[in-house]
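J.:
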Amino acid sequence: MRFHSLVIIVSLLVASRCPESAGVFFNQGGKYLRELKRIFEKYENLLRPQGDHKLSPVIFVPGDGGSQMDALLDKPSKVSFLCQKQTSTFFNLWLNKELLMPLVIDCWIDNIRLVYDNVTRTTRNSPGVTTRIPGFGQSETVEWLDPSHATVGAYFVNIANALVANGYIRDKSIVGAPYDFRKGPNEHQDYFLALKFLVEQTYTLNKEVPVTFIVHSMGAPMTLHFLQMQTADWKAKYVRRIISLAGAWAGSVKALKVYAIGDDLGAFALSGKVMRAEQITNPSLAWLLPSPLFWKPNEVLARTQSRTYTMEQMQDFFTDLDVPSGWEMRKDTLPFTMNFTAPGVELHCFYGSHINTVESLDYQKSYDFSGTPVLVMGDGDGTVNSRSLEACKHWTMQQKQPIYTKEFPGADHMSILADLKVIEAVMQALLSD
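Take a look at the structure:
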C-alpha cells in the first residue's frame, strides 16, 4: 500500500528499479511463476474440499492505500488550468498512475486531500469532491489497486490466485473489505457495521464455516479494533483466524517522517515535499504514529541542533513543524492505539525483518525543520519497525486462542504479499483446521 502513512503502496512507475519488491509485480518472470505453480500443486489435494472438510472463507482487509477510490467532481474552482473542475461520472482517483505525474499532480492532491474540522473532530473531502470506495464484498478491487490491472497495481492478487488454484471461489469464498484509508478508525463506524454484516453473510454463503481474515499493514489494527467491538460468542461462531502480513500493530516512525518531509511513494518523478501537502491531511497517518505502549516516553524521535523531540514531546514536534492539525488528529486516534487488548481469535502473525527502517530523524545541520534530515535506521521491513511488527507477541499470554508468529528475513513491507515462503505459510495456516 502507499506510504502516505504506512503502507508504501506499489512503488509507482519504478518496479524495474526496486528489486526487493519485484515479486509483487511478477518481475521475476518464469522462475517465480514456476515456483508459485509448485505451491499450487503441493496443496491442491489438501485444500480442495473433501468429505467433511470445508474451506474457511477469506476476507481481505487492506492497509493504507490498499483500496481503490473513485471521485466525482463539481468544484467551485481549480488549482491549475490543467485540472478538471467538473466530471459527469465517477473516475478512478486511486490508484491511477496517469494522475501521479508532475504536470497534473497538483490536481490529484487537491482532489484527494481531506479538510479537518477541529470542532466536529472529523474530516471531509476537498470542496466539490465526492468520493466512493468501490468493490466492498468483492475481491477484485483489493487484488488490484489499478482497475486496468497494470502490474504496478498488484496487491492481494498473488495470494488470491493461490487460493483459487486450490478450490476457493472469488466473490464467494474470497471477498474484500476495502475502506477509505485516509481516515482513522474514529470515522469508520459505518465501515465496521458493514464489515460485521459481510462476515455473517460470508459465513452463511459458505455453509456456515467461520471466516479467515487475511490482513495487511494498517488492515491489522483495523481488524483488531473491529474484533475488540465484538462479543466472545460472536467471534467464536463467525471467525476462525486472522493471518496478518506486515501488521502495523503499533505504528511506525515512518509516519513521523512523512509529516516532516513527505513521501514520494518510491517514484522518481514525484517529490516527497509536494506529496506531503496531501499526506498530512489524513487522520490515518496520525493513527500510524508510534504507539506509547511500545516506545518509551524518553525515546528520541527527532533532533535538531537546538533540541530533541521525544515520544512525550510529540506535541512540540507538531507545533514546531507548523502542523497543528496533526496533533489534533493524534489526540482523536490515540484512544484506539492505547486499546491493545487481544483480538480473541487465533492469530498467525507474519512479518519481514533485516531491512533498514527509519528509527529517528536527525537534522544535523539545522536548528529547526527547514533542512533535510538524516534518517537514522534500525530493523524492520523497510516501512514498519520491528517492535511494531512483533507487537502481536504481546498477546501470547492474554488469550486462550493460539498465536503463531513467523519472521521472514528480507521480506519488505510490500513484497511480503508475493513472497513464495509467505504464500506457502498462508496455505499451511488455512490447512490447520
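Those letters in the sequence shown? Residues -23 to -1, 1 to 410, per mature numbering (1 follows the signal peptide of the UniProt record, and there is no 0), in order. Every residue, glycine too, gets a C-beta built ideally from N, C-alpha and C.
Mind reading off the beta-carbon distance from residue 109 to residue 169? Whole number of angstroms is fine, and I expect it under 8 Å.
T.: Here residue 109 refers to the residue found at position 132 of the sequence shown. Here residue 169 refers to the residue found at position 192 of the sequence shown. Contact between residue 109 and residue 169 fails: their C-beta atoms lie close to 18 Å from each other, not under 8 Å.
J.: Buried or exposed: residue 148, going by 16 or more other Cβ atoms within 10 Å of its Cβ?
T.: To locate residue 148, count along the sequence shown from 1; it is residue 171. Burial call: exposed.
J.: Assign residue 343 to one of three DSSP states: helix, strand, or coil.
T.: Reading the sequence shown from its first residue, position 366 is the one you call residue 343. Residue 343 falls in the coil class under three-state DSSP.
J.: What are the boundary residues of the alpha helix (DSSP H) that includes residue 287?
T.: Reading the sequence shown from its first residue, position 310 is the one you call residue 287. Per DSSP, residue 287 is not a residue of any alpha helix (DSSP H); the beta strand (DSSP E) it occupies stretches across 285 to 287.
J.: Counting only the same chain and skipping the five closest in sequence on each side, list residues whose C-beta sits under 6 Å from that of residue 72.
T.: If you number the sequence shown from 1, residue 72 lands on position 95. So the list reads 122, 123, 130, once near-sequence residues are dropped.
J.: Less than 7 Å separating the beta-carbons of residue 76 and residue 61?
T.: Within the sequence shown, the letter at position 99 stands for residue 76. Within the sequence shown, the letter at position 84 stands for residue 61. In this structure, residue 61 does not lie closer than 7 Å to residue 76 by Cβ.
J.: Using the Cβ count rule (16 or more neighbours within 10 Å means buried), how would you classify residue 39?
T.: In the sequence shown, residue 39 corresponds to position 62, counting from 1. The residue in question, residue 39, is buried, as its Cβ has 16 or more Cβ neighbours within 10 Å.
J.: By how many angstroms is the C-alpha of residue 220 removed from the C-alpha of residue 401?
T.: The residue you call residue 401 lines up with position 424 of the sequence shown. The residue you call residue 220 lines up with position 243 of the sequence shown. Cα-Cα distance, rounded: 12 Å.
J.: Rounded to a whole number of angstroms, what is the C-alpha to C-alpha distance between residue 270 and residue 227?
T.: Within the sequence shown, numbered from 1, the residue matching residue 270 stands at position 293. Within the sequence shown, numbered from 1, the residue matching residue 227 stands at position 250. If you take the alpha carbons of residue 270 and residue 227, they lie about 8 Å apart.
J.: Taking the beta strand (DSSP E) that residue 193 falls in, what are its first and last residues?
T.: Counting from 1 along the sequence shown, the entry for residue 193 is found at position 216. Residues 188 to 193.
J.: Name the one or two DSSP bridge partners that residue 63 has.
T.: Stepping through the sequence shown from its first residue, residue 63 is reached at position 86. Residue 63 is bridged to 51.
J.: Can you tell me where the alpha helix (DSSP H) holding residue 383 begins and where it ends?
T.: Locating residue 383 in the sequence shown gives position 406, where the first residue counts as 1. Residue range 380 to 386 is occupied by the beta strand (DSSP E) that includes residue 383, with no alpha helix (DSSP H) assigned at that position.
J.: Can you say whether residue 48 is buried or exposed, counting buried as having 16 or more other CB atoms within 10 angstroms of its CB?
T.: The sequence position of residue 48 within the sequence shown is 71, counting from 1. Buried, since its Cβ has 16 or more Cβ neighbours within 10 Å.
J.: With a threshold of 7 Å on Cβ separation, who are the neighbours of residue 384 within its own chain once the five nearest residues in sequence on each side are excluded?
T.: Numbered from 1 along the sequence shown, position 407 holds the residue referred to as residue 384. Excluding positions up to five away in sequence, the list reads 328, 330.
J.: So what does DSSP say about residue 257, is it helix, strand or coil?
T.: As a position in the sequence shown, residue 257 is number 280, starting the count at 1. It is coil, neither helix nor strand.
J.: Output the distance between the C-alpha atoms of residue 381 and residue 326, rounded to the nearest integer angstrom.
T.: The sequence position of residue 381 within the sequence shown is 404, counting from 1. The sequence position of residue 326 within the sequence shown is 349, counting from 1. Approximately 6 Å, taken between the alpha carbons.
J.: Helix, strand or coil: which one does DSSP assign to residue 323?
T.: Counting from one through the sequence shown, the residue named residue 323 turns up at place 346. Residue 323: strand per DSSP, three-state reduction.
J.: Starting from the C-beta of residue 114, find all residues in its chain whose C-beta is less than 8 Å away, skip the five residues before and the five after it, and write them out in chain order.
T.: Start at 1 with the first residue of the sequence shown, and residue 114 comes out as number 137. 148, 152, 153, 154, 175, 178, listed in sequence order.
J.: Under 6 Å Cβ to Cβ from residue 393, same chain only, skipping five residues before and after it: list those, please.
T.: Here residue 393 corresponds to residue number 416 of the sequence shown, with the count starting at 1. Only 222, 223, 329, 399 meet the Cβ criterion.
J.: What residue does the alpha helix (DSSP H) around residue 307 start on, and which one ends it?
T.: The residue given as residue 307 occupies position 330 in the sequence shown. Residues 301 to 315.
J.: Pick helix, strand or coil for residue 100, following the three-state DSSP scheme.
T.: Counting from one through the sequence shown, the residue named residue 100 turns up at place 123. Looking at residue 100 - three-state DSSP - the assignment turns out to be strand.
J.: Tell me where the beta strand (DSSP E) around residue 108 begins and ends.
T.: The sequence position of residue 108 within the sequence shown is 131, counting from 1. From DSSP, the beta strand (DSSP E) with residue 108 extends over 106 to 109.
J.: Take every Cβ of the stretch 279 to 297, pair it with every Cβ of the stretch 342 to 356, and state whether three or more of those distances are shorter than 8 Å.
T.: yes
J.: Buried or exposed for residue 404, please, with buried defined as at least 16 other CB atoms from any protein chain shown within 10 angstroms of its CB.
T.: Translated into the one-based positions of the sequence shown, residue 404 becomes position 427. Sixteen is the threshold: when 16 or more other Cβ atoms of the shown chains lie within 10 Å of the Cβ of residue 404, as they do, the residue is buried.
J.: Between residue 101 and residue 92, is the Cβ-Cβ spacing less than 7 Å?
T.: As a working note, residue 101 is residue 124 in the sequence shown. As a working note, residue 92 is residue 115 in the sequence shown. Yes, they are a contact pair.
J.: Quick one: is residue 239 buried, meaning 16 or more other Cβ sit within 10 Å of its Cβ, or exposed?
T.: Walking along the sequence shown from the start, residue 239 turns up at place 262. Under this definition residue 239 is a buried residue.
J.: Who are the Cβ neighbours of residue 350 in its own chain at under 6 Å, not counting the five residues just before and after it?
T.: The count along the sequence shown starts at 1 and reaches residue 350 at position 373. Same-chain partners within the cutoff: 338, 339, 340.
J.: Would DSSP call residue 2 helix, strand or coil?
T.: Numbered from 1 along the sequence shown, position 25 holds the residue referred to as residue 2. Confidence in residue 2 is poor, its pLDDT being 42 and thus under 50, which makes the residue's placement unreliable; the coordinate value appears in the next sentence. In the three-state scheme derived from DSSP, where H, G and I count as helix and E and B as strand, residue 2 is classed as helix.
J.: Output the distance between the C-alpha atoms of residue 313 and residue 306, rounded to the nearest integer angstrom.
T.: For the purposes of this step, residue 313 is taken as the residue at position 336 of the sequence shown. For the purposes of this step, residue 306 is taken as the residue at position 329 of the sequence shown. Roughly 12 Å separates the two Cα atoms.
J.: Please determine, among 43, 133, 323, the residue with the shortest C-alpha to C-alpha distance to residue 209.
T.: Reading the sequence shown from its first residue, position 232 is the one you call residue 209. Considering only alpha carbons, the answer is 323.
J.: Span of the beta strand (DSSP E) holding residue 71?
T.: Here the question's residue 71 lines up with position 94 in the sequence shown. Here the beta strand (DSSP E) through residue 71 covers 68 to 71.
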